[in-house]
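Working notes for the structure below.
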Amino acid sequence: MKSMMIGLMCLASILAATGCSRGITQEHARAQCMTWGAQGVGDDPGYFCLERAEVCSDNFIGGELETMNREQCFEHCDQVKSDQRKLHPIDGCEALINKAWGLCRAYCSSKRATR
226 MKSMMIGLMC LASILAATGC SRGITQEHAR AQCMTWGAQG VGDDPGYFCL
276 ERAEVCSDNF IGGELETMNR EQCFEHCDQV KSDQRKLHPI DGCEALINKA
326 WGLCRAYCSS KRATR
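Heads up: take any position in the sequence shown, counting from 1, add 225, and you land on this note's numbering.
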């Protein structure tokens with residue numbers, strides 16, 4: 226429940242920062258993921274994830290996300306988050322996984338819904 230709330234807060238802040246009408250590009254989302262917490266500022270737990278590149282890259286898999294419809298994109302984000310939580314259960318990556326998930330979903334939110 227706590228991780229879901231963190232993810233939703235991340236999504237809300239990203240959408241507010243990028244502007245809902247403009248959306249967020251994969252490149253921008255991946256760059257935010259790669260730099261979030263990297264400076265180790267304050268109590269930011271994202272700094273401690275040693276698999277940062279893997280966590281961020283798994284969510285933004287190049288052209289494949291662009292070819293997915295909105296629903297498939299959301300399913301992809303959720304599946305990657307589930308897989309990553311199994312791969313990195315105790316290595317300090319939980320906060321970064323949640324951040325990457327929020328960025329992935331923000332990207333999917335910018336896609337048009339299919340009818």
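Positions of the beta carbon are idealized from the N, C-alpha and C atoms, including for glycine.
Per DSSP, leucine 321 is one residue of the alpha helix (DSSP H) stretching across 319–334.
Looking at the backbone, the Cα of isoleucine 249 and that of isoleucine 315 are separated by about 30 Å. Only exposed fits glutamate 279, as fewer than 16 other CB atoms lie within 10 angstroms of its CB.
In this structure, the straight-line span from the alpha carbon of glutamate 319 to that of cysteine 298 is close to 21 Å. As the crow flies, the alpha-carbon of lysine 336 is around 31 Å from that of leucine 275.
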